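Chains A and B are the protein sequences, given in the same order. Heads up, the final residue of the first sequence is numbered 352 in the working numbering, and it's a clean run with no missing numbers. Heads up, the final residue of the second sequence is numbered 352 in the working numbering, and it's a clean run with no missing numbers. Data first, discussion second: the structure below is written as structure tokens.
There are 2 protein chains.
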Amino acid sequence: MAGGIGSRFWPYSRNSRPKQFLDFFGTGRSLLQMTFDRFSKIVPPENILIVSNKAYLDIILEQLPLLNKKQVLLEPARRNTAPCIAYAAERIYSQNPDAVMVVAPSDHLITKEDEFLNAISRGLEFVSGNSNMLTLGITPNRPETGYGYIQASKMTEENIYKVKTFTEKPNLEMAKVFMDSGEFYWNSGVFLWSVKTIKSAFRKLLPDISAKFEEGSLLMGTDAEQAYIDECFPACQNISIDYGVMEKAQNVYVLCGDFGWSDLGTWGSLYDMSAKDPDGNVSLNCKTLTYGCKDNIICLPKGKLAVLQGLEGYIVVEADKSLLICRKEDEQSIRQFVNDVAMLEDNKDYI
Amino acid sequence: MAGGIGSRFWPYSRNSRPKQFLDFFGTGRSLLQMTFDRFSKIVPPENILIVSNKAYLDIILEQLPLLNKKQVLLEPARRNTAPCIAYAAERIYSQNPDAVMVVAPSDHLITKEDEFLNAISRGLEFVSGNSNMLTLGITPNRPETGYGYIQASKMTEENIYKVKTFTEKPNLEMAKVFMDSGEFYWNSGVFLWSVKTIKSAFRKLLPDISAKFEEGSLLMGTDAEQAYIDECFPACQNISIDYGVMEKAQNVYVLCGDFGWSDLGTWGSLYDMSAKDPDGNVSLNCKTLTYGCKDNIICLPKGKLAVLQGLEGYIVVEADKSLLICRKEDEQSIRQFVNDVAMLEDNKDYI
Numbered sequence: 002m003a004g005g006i007g008s009r010f011w012p013y014s015r016n017s018r019p020k021q022f023l024d025f026f027g028t029g030r031s032l033l034q035m036t037f038d039r040f041s042k043i044v045p046p047e048n049i050l051i052v053s054n055k056a057y058l059d060i061i062l063e064q065l066p067l068l069n070k071k072q073v074l075l076e077p078a079r080r081n082t083a084p085c086i087a088y089a090a091e092r093i094y095s096q097n098p099d100a101v102m103v104v105a106p107s108d109h110l111i112t113k114e115d116e117f118l119n120a121i122s123r124g125l126e127f128v129s130g131n132s133n134m135l136t137l138g139i140t141p142n143r144p145e146t147g148y149g150y151i152q153a154s155k156m157t158e159e160n161i162y163k164v165k166t167f168t169e170k171p172n173l174e175m176a177k178v179f180m181d182s183g184e185f186y187w188n189s190g191v192f193l194w195s196v197k198t199i200k201s202a203f204r205k206l207l208p209d210i211s212a213k214f215e216e217g218s219l220l221m222g223t224d225a226e227q228a229y230i231d232e233c234f235p236a237c238q239n240i241s242i243d244y245g246v247m248e249k250a251q252n253v254y255v256l257c258g259d260f261g262w263s264d265l266g267t268w269g270s271l272y273d274m275s276a277k278d279p280d281g282n283v284s285l286n287c288k289t290l291t292y293g294c295k296d297n298i299i300c301l302p303k304g305k306l307a308v309l310q311g312l313e314g315y316i317v318v319e320a321d322k323s324l325l326i327c328r329k330e331d332e333q334s335i336r337q338f339v340n341d342v343a344m345l346e347d348n349k350d351y352i
Numbered sequence: 002m003a004g005g006i007g008s009r010f011w012p013y014s015r016n017s018r019p020k021q022f023l024d025f026f027g028t029g030r031s032l033l034q035m036t037f038d039r040f041s042k043i044v045p046p047e048n049i050l051i052v053s054n055k056a057y058l059d060i061i062l063e064q065l066p067l068l069n070k071k072q073v074l075l076e077p078a079r080r081n082t083a084p085c086i087a088y089a090a091e092r093i094y095s096q097n098p099d100a101v102m103v104v105a106p107s108d109h110l111i112t113k114e115d116e117f118l119n120a121i122s123r124g125l126e127f128v129s130g131n132s133n134m135l136t137l138g139i140t141p142n143r144p145e146t147g148y149g150y151i152q153a154s155k156m157t158e159e160n161i162y163k164v165k166t167f168t169e170k171p172n173l174e175m176a177k178v179f180m181d182s183g184e185f186y187w188n189s190g191v192f193l194w195s196v197k198t199i200k201s202a203f204r205k206l207l208p209d210i211s212a213k214f215e216e217g218s219l220l221m222g223t224d225a226e227q228a229y230i231d232e233c234f235p236a237c238q239n240i241s242i243d244y245g246v247m248e249k250a251q252n253v254y255v256l257c258g259d260f261g262w263s264d265l266g267t268w269g270s271l272y273d274m275s276a277k278d279p280d281g282n283v284s285l286n287c288k289t290l291t292y293g294c295k296d297n298i299i300c301l302p303k304g305k306l307a308v309l310q311g312l313e314g315y316i317v318v319e320a321d322k323s324l325l326i327c328r329k330e331d332e333q334s335i336r337q338f339v340n341d342v343a344m345l346e347d348n349k350d351y352i
């Protein structure tokens, strides 16, 4: 899944260059490329599909030159994760009705790749030839309020539990209770199932969406596929797979572990997981000289220099023609700032 | 005088592009050009000399295409204002021993141009054909601690006073006393005199410097001038005209007025005299959106956008490959920052 717009990381990410396409850590590979590289170790590259917005086809093919154009599924509109997954499932089903399927966001970070890939391989076995649905749950290391949680009930096999509930983002007090209980895991947004299982779940729980894609079943993989998707996709309900399917489905399990996972959802989460200088400052890409500065995250284009004095707890980001300075604790306002920027005349250099 | 290096405005000004060459206010003209334009209204352009460092010849000729190369006097080393003025006086004397002379910094701002030019014209009359030395004094509008002051004694003619003392930068308490007394004026660094008068003052008060330039008198205006200056100039004492001559000379007068003058010596002074939004924020060149911000000064390259949240009393400057964020009240530290930047490896993009 590579269709996000990443406005929370503006101006580092922009509409024309969202988070998944950025080389966040200066490693030379974007998050999308890192995700592709990771799965390529256990999935034949020709079996990897990328679902994204039409606007991003060129950048996807540029970043992943191994891909055949047919491996990129193009959404003509943003409709959240449920329609995206229904579309991909239909396509996979048309190629192999007995396939098992991993769904993964393309803009997350995994630092413990071996553990992650072992879990995926185990998970694929666990959902193969049955009606099990599996999510990857992350053992919480802090009472994070920015994530959804999964409550586990009885253990089925080692580290795999039946899911009791999916919960929305909790407040801090609740998050602490969750963490202390030992029963709750972060919802990583990674799902595993057979295509038959997920298609059957859509048929039952989101019948309108299901009907749209099943109707186009014979067109999958043909030259007529895109025209059909362009027609039917915008009419789909805008709904997440968590809310539309997982929270209501039976046979949902969670495979739990610590994979060095982060959704990189906010500057704050990026700050938390980055290397810091002795004063708690994080510099991404750029050189930084700090004087009387604490707990800031600074991200400038490569080769640039930041000289900062007397700043505590700020996000400082420059990219292209925009500079953002914002308190870390107020970063939820960045979306609003971006909306305001979009209202400016001549905003094309900034959005 | 256009030889300053302007490190207090780093990174907006840099060694390769000091303050006088910058279009500070986005008017399309640099401070040097504005100074040249201003004096051109009362001085024939061919009578304007620019004294600067050798490194800046190209940028001067580029910014002032009307100039003949011979009108640019090139210092091979920085030796403060006294040697600079001695050199210019010698050159002018060689062209016209009866000339009167205005000395002015090229990096100051004058917003009341008519009043200023009237004062200059009056001043030139006042020093013509006699041994008077005249400075321009600015009526203080605040107890500024960043300027030198001139104490006036009895009035000679309207707004022209005999000078009692020159004083260094006072502390705040003293500055308040100065201001309340009504006897003190800011020293603008603009001087008027006949070349004969200033040459005679040098002969008496700075005889070593005087001897060097008088010795090269016959070379002035010839092809041998630069070689002679390259030889003698570095050996001159490093001393200001205020300290070396004005504080000790007789017949020193001050012509006082309000010319909308600022030496633009610091971000703080630039802040004080710039138009502010209702929250007291100043934006130079760039677009700015502010949220919960007060009393900041922001200077980004033209066409750039700053989105700032939760900042109070900061300087935010970006230029080329450097970004500086610093509390206004700590701006005296910028020199130190620049020294530290100069110690970095690969500093050439920043200094």
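From the three backbone atoms N, C-alpha and C, an ideal C-beta is built for every residue, glycine too. Computed from a prediction, not measured in an experiment: that's the story for all the values here.
Query: Strictly under 8 angstroms for the Cβ-Cβ distance: is Leu285 of chain B near chain A by that measure?; Result: no
Query: Quick one: list the residues of chain B neighbouring Cys327 of chain A, beta-carbon separation under 7 angstroms, in chain order.; Result: Gln310 and Gly311
Query: Taking the C-alpha atoms as reference points, what is the distance between Thr28 of chain A and Glu63 of chain A?; Result: 17 angstroms
Query: To the nearest whole angstrom, what separates the beta carbons of Ile230 of chain A and Ala90 of chain A, a pair I think is in contact under 8 angstroms?; Result: Contact doesn't hold; Cβ gap of about 13 angstroms is too wide.
Query: Beta-carbon separation of Ile242 of chain B and Tyr186 of chain B under 8 angstroms?; Result: no
Query: Would you say Asp296 of chain B faces chain A, with C-beta separation under 8 angstroms as the test?; Result: no
Query: With C-beta atoms as the reference, is Leu306 of chain A less than 8 angstroms away from Val317 of chain A?; Result: no
Query: Nearest chain B C-beta to Gly304 of chain A closer than 8 angstroms, yes or no?; Result: yes
Query: What residues in its chain sit with their C-beta under 7 angstroms from that of Ala320 of chain A, if we drop five residues either side in the sequence?; Result: Pro12, Tyr13 and Pro302
Query: I need the boundaries of the alpha helix (DSSP H) containing Met175 of chain A, first residue and last residue.; Result: Leu173 to Ser182
Query: Along the beta strand (DSSP E) that carries Arg328 of chain A, what are the first and last residues, could you check?; Result: Ser323 to Arg328
Query: By Cβ distance, which residues of its chain are closer than 8 angstroms to Asp209 of chain A, with the 5 residues on each side in sequence left out?; Result: Cys237 and Gln238
Query: Under a CB-based cut-off of 8 angstroms, is Gly216 of chain B close to chain A?; Result: According to the sequence as given, residue 216 of chain B is Glu; it is not Gly. No, no contact with chain A.
Query: Thinking just about the alpha-carbon of each residue, which of B:Met102, B:Ala100, B:Asp24 and B:Asp108 is nearest to the one in Met2 of chain B?; Result: B:Asp108
Query: Taking Ser334 of chain B as the query, report the chain A residues whose CB atoms sit under 8 angstroms from its CB, ordered along the chain.; Result: Tyr292 and Gln310
Query: Where does Thr82 of chain B fall in DSSP's three states?; Result: helix
Query: Using a Cβ cut-off of 8 angstroms (strictly closer), state whether Phe338 of chain B contacts chain A.; Result: yes
Query: From the DSSP output, in three-state form, read off Phe167 of chain A for me.; Result: strand
Query: Using Cβ-Cβ distances below 7 angstroms, what residues of the stretch 38-63 of chain B are close to chain A?; Result: none
Query: Assign Leu33 of chain A to one of two classes, buried (16 or more other C-beta atoms within 10 Å of its C-beta) or exposed (fewer than that).; Result: buried
Query: Which residues bound the alpha helix (DSSP H) around Gln337 of chain A?; Result: Ile335 to Met344
Query: What would DSSP say about Asn188 of chain A, mapped onto helix, strand or coil?; Result: strand
Query: Is there at least one Cβ from chain A nearer than 8 angstroms to Leu271 of chain B's Cβ?; Result: no
Query: Could you tell me which chain B residues have their CB closer than 9 angstroms to the CB of Val317 of chain A, listed as they occur along the chain?; Result: Leu324 and Ile326
Query: Identify the contact partners of Tyr351 of chain B in chain A, using a Cβ-Cβ distance below 8 angstroms as the criterion.; Result: Leu306
Query: Evaluate Glu283 of chain B with the Cβ neighbour count: other Cβ atoms within 10 Å of its Cβ, from every protein chain shown; 16 or more gives buried, anything less gives exposed.; Result: A quick correction: the sequence has Val, not Glu, at residue 283 of chain B. Under this definition Val283 of chain B is a buried residue.
Query: Of the residues A:Asp350, A:Ser154 and A:Thr82, which one's Cα is nearest the Cα of Val246 of chain A?; Result: A:Thr82
Query: Three or more C-beta pairs under 8 angstroms: does that hold for the stretch 54-73 of chain A against the stretch 139-151 of chain A?; Result: no
Query: What does a CB cutoff of less than 8 angstroms around Leu1 of chain A pick up in its chain, not counting 5 residues either side in sequence?; Result: For chain A, the structure presents residues 2 to 352; residue 1 of chain A sits outside this window and is missing.
Query: Can you find a C-beta in chain B that's less than 8 angstroms from the C-beta of Asp280 of chain A?; Result: no
Query: Measure from the C-beta of Leu301 of chain B to each C-beta in chain A and report whether the shortest distance is under 8 angstroms.; Result: yes
Query: How many angstroms separate the CA atom of Arg30 of chain A from the CA atom of Ser41 of chain A?; Result: 14 angstroms
Query: DSSP three-state label for Val255 of chain B, please.; Result: strand
Query: State the start and end residues of the unbroken alpha helix (DSSP H) segment that holds Ser201 of chain A.; Result: Val196 to Leu206
Query: What's the gap between the Cα of Asn378 of chain B and the Cα of Leu110 of chain B?; Result: Lying outside 2 to 352, the shown extent of chain B, residue 378 of chain B is not represented and no answer is given.
Query: Looking at the unbroken beta strand (DSSP E) that takes in Leu300 of chain A, where does it start and where does it end?; Result: Note that residue 300 of chain A corresponds to Cys in the displayed sequence, not to Leu. Taken as a continuous stretch (DSSP letters only), the beta strand (DSSP E) holding Cys300 of chain A covers Ile298 to Cys300.
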